[in-house]
Structure formats: structure tokens, C-alpha cells
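Student: Chains as they are written, first to last, in this note's numbering: chain A, 429 to 623; chain B, 429 to 623.
There are 2 protein chains.
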Amino acid sequence: MNSMASTSDKILDIAQSLIVAGGYNGFSYADISAAIGIRKASIHHHFPTKAELVAVLVDRYRQQAEAGLKFLQERSSDPSEQLQSYLGFWEKCIRDASLPVCVCAMLASEMQMLPEEVASRVRTHFQSLAAWLTSLLKEGAEQDLFRLSRRPEDEAQALMASVHGAMLSARAFGDPALFITIANAQIAKLQAPAR
Amino acid sequence: MNSMASTSDKILDIAQSLIVAGGYNGFSYADISAAIGIRKASIHHHFPTKAELVAVLVDRYRQQAEAGLKFLQERSSDPSEQLQSYLGFWEKCIRDASLPVCVCAMLASEMQMLPEEVASRVRTHFQSLAAWLTSLLKEGAEQDLFRLSRRPEDEAQALMASVHGAMLSARAFGDPALFITIANAQIAKLQAPAR
DNA sequence: TAAATCCTACCTACTAGTAGGAAGGCAAAT
DNA sequence: ATTTGCCTTCCTACTAGTAGGTAGGATTTA
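1. Got a sec, what are the start and stop residues for the alpha helix (DSSP H) residue 516(A) sits in?
2. Taking its Cβ as the centre, do 16 or more other Cβ atoms sit within 10 Å of residue 473(B), making it buried, or is it exposed?
3. Should residue 477(A) be labelled buried (16 or more other beta-carbon atoms within 10 Å of its own) or exposed?
4. Which whole-angstrom value is the C-beta distance of residue 592(A) and residue 450(B), which I expect to be below 8 Å?
5. Does any residue of chain A have a CB that is nearer than 8 Å to the CB of residue 430(B)?
6. Could you spell out where the alpha helix (DSSP H) holding residue 457(B) opens and where it closes?
7. Taking only beta-carbon positions, decide if residue 617(B) is within less than 8 Å of chain A.
8. If we ignore side chains and look at the alpha-carbon of each, how far apart do residue 516(A) and residue 471(B) end up?
9. Note down the Cα distance separating residue 612(A) from residue 586(A), rounded to an integer number of angstroms.
10. Please list, in chain order, all residues of the same chain as residue 411(A) whose beta carbon is under 7 Å from its beta carbon, the five residues on each side excluded.
11. Identify the continuous alpha helix (DSSP H) that holds residue 583(B) and give its terminal residues.
12. Suppose the cutoff is 6 Å on Cβ atoms and the five residues either side in sequence are ignored; what does the same chain contact list for residue 597(B) look like?
13. Less than 8 Å between CB atoms is the rule here; does residue 568(B) satisfy it with respect to chain A?
14. Where does residue 499(B) land, buried or exposed, given buried means 16+ other C-beta within 10 angstroms?
15. Using the rule of at least 16 other Cβ atoms within 10 Å of the residue's Cβ for burial, across every protein chain shown, is residue 617(A) buried or exposed?
16. Is residue 622(B) helix, strand or coil when you go by DSSP?
17. Looking at the C-beta of residue 524(B), does it have a partner C-beta in chain A at a distance below 8 Å?
18. Does DSSP classify residue 486(A) as helix, strand or coil?
19. Taking 8 Å as the CB-CB limit, is residue 578(A) close to chain B?
20. Can a CB atom of chain B be found closer than 8 Å to the CB of residue 442(A)?
21. Take every Cβ of the segment 547-557 of chain A, pair it with every Cβ of the segment 457-472 of chain B, and state whether three or more of those distances are shorter than 8 Å.
22. Check whether the Cβ atoms of residue 589(A) and residue 610(B) sit closer than 8 Å, and answer yes or no.
23. Chain B beta carbons: is any one of them nearer than 8 Å to that of residue 554(A)?
24. Between residue 558(B) and residue 549(B), what straight-line distance do the alpha-carbon atoms span, to the nearest angstrom?
25. Using a cut-off of 8 Å between C-beta atoms, extract the partners of residue 551(A) located in chain B.
26. Which residue wins for smallest C-alpha separation from residue 482(A), given the options 567(A), 495(A), 447(A), 492(A)?
27. Please classify residue 524(B) as buried or exposed, where buried requires at least 16 other C-beta atoms within 10 Å of its C-beta.
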């Protein structure tokens, strides 16, 4: 499966795992070169500059994310279930360390020194995720599954922040289980107010 | 005031502002050198290695943070007020860009490739902040100011995650106001369930 | 044959870190 | 009082290694 992946995809795969480990400044072409057994210059053939590489990487990540969210929407019409699936996805990624943190969350922390072509794409991902969560909360509120104490837009921002913060805490404490603990506490706040 | 600060303090000040901008791998001795008009070798005199520099920096940051939190506790016995002051402090830091994000939150994102002497200190800060928030929430719950839907420890983790995530979102969107919007939404969830 | 892919070999700029000396402050010995 | 010597601070000059990136040739694929 990995052996028949194209070289450029392999490059992006490795780059992504290096970015989630150490951010934009935490990896080099030499690192990728060593990881997939290809020379530095060959990587430059596929991605002339580092900024371009990461820009393409974020585009690919955003596409995958949007496809994934769309899939969740289509699989279940229950907003509560969709939210559970979304958080379950991340729980799995964090538990098996396949993607211990959102690529864009990682890059967002370095926003101030990111090349503009990367920064703008990270912003776009944040916007699209916020929009997805907003419509999810809106629907959930209409179906009386969630009780919102703020505008759906603001609640979505709060939820997104919780998820990103939970990833950070899980990483800081070296405890993957902490992610779902925090996420569940947040869900409880969305559902509890009724009782 | 800055002119009578010791050289090593000036080094730490600059290093801190560089770290919150771009993380551990986002600054170099040359950057500090250029910023305070001292040679690279002189910085190595004060802090032999980069890991040592950042370790001392985190120690200083943690001391300042703990002193600040203690001060908030002493200034007001009202947990609700203490929480407001804590969030107000960060709102100001983010608004005037003096400290747009917690140093340890920044470093935590790079946890996996941090020197152990730095990583352990970052963990310690997270623990001490979580402990402070836990006792704050516990007190608030006893005084019927907060309604907790989970153990105080878990609620504290959720709150801390929200704060860190809010910092990240404010940065990603380039909108300092977003921090307090998210923070207020979180406070509302702590207070609202009663009605 | 032509394009895509990957290579060797190289570039300049920068990385953290070191060796060793100059300048100044300070305190004890003269 | 002045000299001696130590200590701190900062310097110039340098190291080995790494950063992103390039030129141009070889090999593979269509």
C-alpha cells in the first residue's frame, strides 16, 4: 500500500509526520531524504521550496479532512452521533499515535513565522472546521440534542478550541487518554444544562 | 527599566518573545545576538547550551506564573472573580501582543522533540496550572458559584484546554478578540447549568 | 524521442558550540 | 596607596555540521 504510493505522496506523508512532531521549523529536506531513501535534490524536483511543499501538504490535509467530515455527515443524520464520531476519530489517532495532533493546529502555533502561502491555508482549514461544527451545533440545537448558551458560531469556536487544547494537553502530559476525558467533559456541557 | 535589567535577563526576555513567535526550533543564538547587541559567544557564556537557556527560561516563567496565580488568590477570595482575573490577564497579553500565547503551551506542541530538561519543566507547569484551576473550581463549586458536571480535576483540565485552544484560535484567525469570546463561552458553561 | 524522475556534486547562509584573549571590577597582599 | 591576581563579562575568530536550494547529467518511463 505504501510501496505503491507515489513518491510525492510518500514525501508528503513523511513531511506530515515530521510536522506534527516538531512543526514547520522542526523538519528539513534532509530528514525526509533519510526517511524515504531518496536524495534531497529529488525532493526539490517534486517540491521546489519548503513553503510550497507545506502548502501542498496543507491543501491535501484540508481536502482529506473535509471529505472525512462530509462522510460523517452522510453516515449519520444525528448531530450528536456525528460529534461522537468526530471526537472518536481523533481519539484513535492520538491513541495509536498515527496523528497525535491536527496538522493545522500544529502550524497555527507558528503562525507568526509561517510563509504567507502556508498561513492562509491554515486559516482556511480553521474556518472550514468552524463552519462544520457550527452547522452541526445548529442542527443539534434544533433537534433539542444540545443546549447552547451562546450563538452557534461562538459555541463552535469554543468546541474547536477545546479539541485543540485537549490535543495539546494529551501531548504535554504524555497521556492520550486525557484527550477523550476533556472532550467528554465538553460534550457533557453541551448536553447537561437541560437536567 | 530595561536598561538596568541584567544581561542574562535581557537574553531570557528576547528568547521568550522569540519562542512564543516560533517555538524552540524557531529561534537561534544569532537572533538573540542581533536583538540585544551582544555577540553569540557572550550568550553562550551566560547559557552554555540552548537546552539550558530554555530550561532556565521555563523555570523563570513558571515562577512568575505561580507568583501571579498566588497573587490573584490573595487579592480576592471569590473564585469567580479569580477566574475572571486570570482570563483578563491573558486577554490583555493577547490584545497588546506582549505575550500572545503561553510559553509552555507553545513548547508543549513541540514536546516530542524537546530536550528532556525542557520537556519535564513544561509538564511541571501544566501540572501546577491544572492544580490551581482544580482548587479554584472546587472552591467555586462549594460556594455554589460553579456547577460542575465532572470531577473538579477533569473540569480543570477541560478549562485549561479551552484557554490554550482559545489562544491558538485567536492566533490562527489573527483575531485577539476571539480569545475572550471563547473564554466567556466556557465560563458561561460553568455558571449556566443552574437556570 | 521526450518527458519525468532521480542522481552527484556543489553553493551560500546559518546552526550550536568552542578556544582563547582583552577589559574591567574587586579584594587581598604588599 | 598600590600592586597583584582572580573573576566576570564580553570579544574575535573559528569549528563541524546542517539549512534550503541549484546545475547539470544519468536513468527510467511513456
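By construction, the Cβ of each residue, glycine as well, lies at the ideal position given by its N, Cα and C atoms.
Tutor: To lay it out plainly:
1. Looking at the DSSP string, the run of the alpha helix (DSSP H) that includes residue 516(A) is 507-523.
2. Around the CB of residue 473(B), fewer than 16 other CB atoms lie within 10 Å, so the residue is classed as exposed.
3. Exposed: under 16 other Cβ atoms inside 10 Å.
4. Wrong, their Cβ atoms sit about 18 Å apart, outside the cutoff.
5. With a pLDDT of 35 at residue 430(B), under the threshold of 50, the modelled position of that residue is not reliable, and the figure given next carries that caveat. Proximity of residue 430(B) to chain A, defined by a Cβ-Cβ separation below 8 Å, is not satisfied.
6. Under the DSSP assignment, residue 457(B) falls in the alpha helix (DSSP H) whose first and last residues are 457-464.
7. Judged by the 8 Å Cβ criterion, residue 617(B) is in contact with chain A.
8. Roughly 47 Å between the two C-alpha positions.
9. Answer to the nearest angstrom: the Cα atoms are 14 Å apart.
10. The shown model of chain A, from 429 to 623, leaves out residue 411(A), and the question about it has no answer.
11. Under the DSSP assignment, residue 583(B) falls in the alpha helix (DSSP H) whose first and last residues are 580-601.
12. Only 606 meet the Cβ criterion.
13. Cβ-Cβ to chain A under 8 Å: no for residue 568(B).
14. It is exposed - the Cβ of residue 499(B) has fewer than 16 other Cβ atoms within 10 Å.
15. With 16 or more other Cβ atoms inside 10 Å of its own Cβ, residue 617(A) counts as buried.
16. In this prediction, residue 622(B) scores a pLDDT of 48, lower than 50, which makes its location untrustworthy; no coordinate-derived value is stated.
17. Taking a beta-carbon distance threshold of 8 Å, residue 524(B) does not count as an interface residue toward chain A.
18. Reduced to three states, the DSSP call for residue 486(A) is helix.
19. Cβ-Cβ to chain B under 8 Å: yes for residue 578(A).
20. Not closer than 8 Å to any Cβ of chain B, the Cβ of residue 442(A) fails to qualify, so no.
21. With contact defined as three or more Cβ pairs closer than 8 Å, the segment 547-557 of chain A and the segment 457-472 of chain B are not in contact.
22. Yes. Within cutoff.
23. It does: the Cβ of residue 554(A) has a partner Cβ on chain B nearer than 8 Å.
24. If I take the Cα positions, the gap works out to 14 Å.
25. Simply 600, 601, 602.
26. Selected option, being the one with the closest Cα: 447(A).
27. Exposure of residue 524(B) is indicated by the presence of fewer than 16 other C-beta atoms within 10 angstroms of its C-beta.
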